[in-house]
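Residues in the sequence shown are numbered consecutively from 1, following the numbering used here.
As structure tokens, the structure follows; a few thoughts come after it.
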Amino acid sequence: MLVGAGLFQTINAGLFQQNPHGDALKIDCAKCHSTEGWTFSASAAVFSHDSTRFKLEGQHAYTDCKACHTSLVFSKTTTNCVDCHTDMHNNTVGFDCARCHDSKSWLVQNISEIHQMSRFPLLGAHNTADCASCHTSVSFLEFQPLGVECIDCHRKEYLATTTPNHIQSEFSTDCIECHKIDAFTWTTEGLNHDFFPLTKGHETSNCAACHTSGLQEPLSTDCYSCHQQNFATAINPSHQQEGFTTNCIDCHTTDPGWQPAKFETHDAFYFPIYSGEHRGEWESCTDCHTQPENYLVFSCINCHAHNQNEMDNEHQGISGYSYNSLSCFACHPTGNKEGAFNHGATEFPLTGAHLTTECADCHTTGYAGTSMLCGSCHTNNFNESTNPNHQSLAIPTNCEDCHTTNPGWEPALFPIHGDFYALNDAHASVANNCFLCHEGNYANTPNSCYGCHSTDYNNTTNPAHAPAQFPTDCISCHNEAAWSPSTFNHDGQFFPIYSGRHQGEWNTCVDCHTEPTNYSVFSCIICHEHNQPETDSRHTDVSGYVYSNTSCYTCHPTGIAEDD
């Protein structure tokens, strides 16, 4: 019996020494239990869950222990979200709930910021697109992986585009090769055509105008390769007969219509007419070239005939002197007695209005040390300018910041416009057409949206802005790129029509707003009238129930039954 009792005590002691929480738990029992019993009391326990690898924060702090610890062996409980929480997204966004949620609530308040950290940050029009337009399963809380290539979403636009036809032209399906990802329209601003800048007359969105054989066929950047027909049919003067260069830019700019045109190489190759003593002495080529059909023929004595007696006297003793055009040119190839002075070889080449300016107008105290600063000659022009007033606006005195040397100070640019009103997007496209906004008066131009766009506002009918008393601050709904798409937040300000149960249940504003001249008037029962018997039966116990528009909205401001 003594042996049996001893054996019982040994076995019994071993049983009591076993830890029901498993061998991995090493904390003192007294942290959670007392000598009064093994019952656990969270309020009486001195154990802190913060000492583990999973602090109880947010909703976890109020969760019953058994909800997570389904057995007494606590080491079997993992810290993975998905081990406790059902994956409502069906494994379409991974198992790390903390990427979007926190322990305070399942609500996601910063979905836009989260998307910016994804493999497809939202830029430009993408940033204002409705989630469901890309994530078609979003209504089921599923976000199936989408392709990030342009064509994955924009294949329809690619196939439907006809100007130019993207398929026939074998355009790349990588839209950003021509379009900007942060733009709101399909303009070709993103196209890198720097190898041949598209300026003025070359500015076109119709690639096929030049690329007649498709865009895969390389084109020459030589003027003549595209403008051979223009060159061949030019008659005033005849470019072919006179042997003009086929390099159009020697005489022309890219301005449409080939005008204005200059033949400034005339001075270097033939005779100085844009500089020297003959500058400003002619109006058209036929003043000297009396036979337009043959520009090789020229005349000097047409202008100098009245000076023949003087010329004869001055040339006494000069062998071979003869008063005729060819002789004049032979001895005076630069057009003056001492030889032509080439102002173009100096640090101040003469262009535009400077070509017809008398030397003495600039060289008032001689030729040495003449300043090349605009203000040294044009201080009076600057001080006397009133539209706009250059002094009061503190416009820089360096005229070439805004002006060229064209006569009359026109056309003029205003690169510091951003100091007064930044010209962005659509405003930037009319930056050189000042009259559109200023109408010739630069002193009192409004800088508010409505100040310029009151006509647009008052004439808008869908929706009618003025009768509905829409805000006159256009930027609250529109951006500077275009009037549409607008960012009018109907859901947040009035009633959810782009989300919730009314999403996709309407086509135009007048579906609900039956008076386009007054958008404060709306109708619910136009759509819901066929449900009136059912609706009446559901509201039999609702005090004050009336089947009318205002009553519907009063009780259901978000459009769902749970509002009441």
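Beta carbons: idealized from backbone N, C-alpha and C, even for Gly.
Everything numeric in this text was worked out from a predicted model, so none of it was measured.
Report yes if the C-beta distance between Thr445 and Tyr457 is below 8 Å; otherwise report no.
-> Start at 1 with the first residue of the sequence shown, and residue 445 comes out as number 445. Start at 1 with the first residue of the sequence shown, and residue 457 comes out as number 457. Contact flag unset, no.
Taking only the alpha-carbon atoms, compute the straight-line gap between Leu350 and Ser275 and give it to the nearest angstrom.
-> Indexing the sequence shown from 1 puts residue 350 at position 350. Indexing the sequence shown from 1 puts residue 275 at position 275. Here the alpha carbons of Ser275 and Leu350 stand approximately 8 Å from one another.
Go ahead and label Val46 buried or exposed: buried means 16 or more other beta carbons lie within 10 angstroms of its beta carbon, across all protein chains shown.
-> Residue 46 sits at position 46 when you count from the first residue of the sequence shown. Label assigned to Val46: exposed.
Using the Cα positions of Ser220 and His266, report the straight-line distance between them to the nearest angstrom.
-> Taking the sequence shown and counting its residues from 1, the one referred to as residue 220 is at position 220. Taking the sequence shown and counting its residues from 1, the one referred to as residue 266 is at position 266. As the crow flies, the alpha-carbon of Ser220 is around 27 Å from that of His266.
Residues bridged to Asn235 (per DSSP) | Against the sequence shown, residue 235 aligns to sequence position 235. With the sequence shown as reference, residue 235 is identified as Ile, and Asn is not the correct amino acid for it. According to DSSP, which records beta bridges pairwise, Ile235 is partnered with Ser238.
Runs of alpha helix (DSSP H) lying entirely within the segment 413-478, each at least 4 residues, in chain order | Counting only runs of 4 or more, we get 426-429, 435-438 and 449-459.
For His33, which three-state DSSP category applies?
-> Here residue 33 is taken as the residue at index 33 of the sequence shown, counted from 1. The answer is coil: DSSP assigns His33 none of H, G, I, E or B.
For Asp194, the three-state DSSP class (helix, strand or coil) | By 1-based counting over the sequence shown, the position of residue 194 is 194. In the three-state DSSP reduction, Asp194 falls in the coil class, being neither helix nor strand.
Thinking just about the alpha-carbon of each residue, which of Cys437, His539, Glu277 and His502 is nearest to the one in Thr334?
-> The residue labelled residue 334 in the question sits at position 334 within the sequence shown. The alpha carbon of Thr334 has as its nearest neighbour, out of Cys437, His539, Glu277 and His502, the alpha carbon of Glu277.
Does the ligand FAD have a heavy atom nearer than 7 Å to the CB of Asn458?
-> Ligands displayed in this structure: none; no statement on the ligand FAD is therefore possible.
How is Ala24 classed by DSSP in three states: helix, strand or coil?
-> Counting from 1 along the sequence shown, the entry for residue 24 is found at position 24. Three-state result, Ala24: coil.
Hey, how far is the Cα of Gly124 from the Cα of Ala183?
-> Within the sequence shown, the letter at position 124 stands for residue 124. Within the sequence shown, the letter at position 183 stands for residue 183. So the two alpha carbons sit approximately 5 Å from each other.
Cβ contact (3+ pairs, closer than 8 Å) linking the segment 141-160 and the segment 101-111 = By the C-beta criterion, the segment 141-160 is judged not to be in contact with the segment 101-111, since fewer than 3 inter-stretch pairs fall below 8 Å.
Cα-Cα separation between Leu195 and Gln228, rounded to whole angstroms | The sequence position of residue 195 within the sequence shown is 195, counting from 1. The sequence position of residue 228 within the sequence shown is 228, counting from 1. For clarity, residue 195 is Phe in the given sequence; the question names Leu instead. So the alpha carbons of these two residues sit roughly 21 Å apart.
May I ask you to verify whether the segment 532-545 touches the segment 505-524, counting CB pairs closer than 8 Å and requiring at least 3?
-> Counting Cβ pairs under 8 Å, fewer than three are found: no touch.
CB-CB under 8 Å to Gln168, same chain, minus the five flanking residues each way: which ones, in chain order?
-> Indexing the sequence shown from 1 puts residue 168 at position 168. The residues are Gly214.
For His126, three-class secondary structure by DSSP | As a working mapping, residue 126 is identified with position 126 in the sequence shown. Judged by DSSP in its simplified three-state form, His126 adopts helix.
Spatial neighbours of Ser523 in its chain, beta-carbon cut-off 7 Å, leaving aside the 5 residues before and after | Residue mapping note: residue 523 aligns to position 523 of the sequence shown, counting from 1. Cys512, Thr514 and Asn549.
Taking DSSP as the reference, what is the three-state secondary structure of His252?
-> In the sequence shown, the residue the question calls residue 252 occupies position 252. In this structure, His252 counts as strand in the three-state DSSP scheme.
Could you check which residue in Arg99, Thr63, Gly369 and Cys100 has the C-alpha nearest to that of Cys84?
-> Residue 84 sits at position 84 when you count from the first residue of the sequence shown. Of the candidates Arg99, Thr63, Gly369 and Cys100, the one whose C-alpha sits nearest the C-alpha of Cys84 is Thr63.
Between Phe143 and Pro121, what straight-line distance do the alpha-carbon atoms span, to the nearest angstrom?
-> For the purposes of this step, residue 143 is identified with residue 143 of the sequence shown, where counting begins at 1. For the purposes of this step, residue 121 is identified with residue 121 of the sequence shown, where counting begins at 1. Using only the alpha carbons, I get a separation of about 15 Å.
Hey, could you find the ends of the alpha helix (DSSP H) Phe382 is sitting in?
-> What you label residue 382 is simply residue 382 of the sequence shown in a count that begins at 1. Note, Phe382: alpha helix (DSSP H), Cys374 to Glu384.
With 16 other Cβ atoms within 10 Å as the buried cut-off, status of Ile273 = Here the question's residue 273 lines up with position 273 in the sequence shown. Under this definition Ile273 is a buried residue.
What do you get for Ala481, buried or exposed, if any count of 16 or more other CB atoms within 10 angstroms of its CB means buried?
-> Position 481 of the sequence shown, counted from the first residue, corresponds to residue 481. Buried is the call here.
CB-CB under 7 Å to Cys362, same chain, minus the five flanking residues each way: which ones, in chain order?
-> For the purposes of this step, residue 362 is identified with residue 362 of the sequence shown, where counting begins at 1. Same-chain partners within the cutoff: Thr370 and Cys377.
Kindly indicate which three-state DSSP category Asn389 falls into: helix, strand or coil?
-> Along the sequence shown, read from residue 1 onward, the residue named residue 389 stands at position 389. Correct three-state label for Asn389: strand.
Using beta-carbon positions only, say whether Asp174 and Cys153 come within less than 8 Å of one another.
-> Stepping through the sequence shown from its first residue, residue 174 is reached at position 174. Stepping through the sequence shown from its first residue, residue 153 is reached at position 153. The beta carbons of Asp174 and Cys153 sit no closer together than 8 Å.
Rounded separation between Gly339 and Leu373 - CA only | Position 339 of the sequence shown, counted from the first residue, corresponds to residue 339. Position 373 of the sequence shown, counted from the first residue, corresponds to residue 373. Model confidence at Gly339 stands at a pLDDT of 45, short of 50, so the residue's coordinates are unreliable and nothing is read from them.
If you draw a straight line from the alpha carbon of Ile560 to that of Asn531, how long is it in whole angstroms?
-> In the sequence shown, the residue the question calls residue 560 occupies position 560. In the sequence shown, the residue the question calls residue 531 occupies position 531. Their backbone Cα atoms lie some 15 Å apart in a straight line.
Closest residue to Cys449 among Pro463, Asn479 and Asn432 (Cα-Cα distance) | Counted from its first residue, the sequence shown places residue 449 at position 449. Checked all of Pro463, Asn479 and Asn432; the closest Cα to Cys449 is Asn479.
When you compare each of His417, Cys32 and Ser392 to Asp401 by their alpha carbons, which one comes out closest?
-> Residue 401 sits at position 401 when you count from the first residue of the sequence shown. Of the candidates His417, Cys32 and Ser392, the one whose C-alpha sits nearest the C-alpha of Asp401 is His417.
Nearest neighbour of Cys399, chosen from Asn380, Gly408 and Gly375 [CA to CA] | If you number the sequence shown from 1, residue 399 lands on position 399. Out of Asn380, Gly408 and Gly375, Gly375 has the C-alpha closest to the C-alpha of Cys399.
In the DSSP assignment, what are the bridge partners of His403?
-> Locating residue 403 in the sequence shown gives position 403, counting from the first residue. Its beta-bridge partners are Ala412.
Rounded separation between Ser476 and Asn489 - CA only = Numbered from its first residue, the sequence shown carries residue 476 at position 476. Numbered from its first residue, the sequence shown carries residue 489 at position 489. Whole-angstrom Cα-Cα distance: 9 Å.
Short Cβ contact (8 Å threshold) for Ile249 with Cys207 | Counting from 1 along the sequence shown, the entry for residue 249 is found at position 249. Counting from 1 along the sequence shown, the entry for residue 207 is found at position 207. Not closer than 8 Å, so no.
Consult DSSP for Thr221 and reduce its assignment to one of helix, strand or coil.
-> Numbered from its first residue, the sequence shown carries residue 221 at position 221. The answer is coil: DSSP assigns Thr221 none of H, G, I, E or B.
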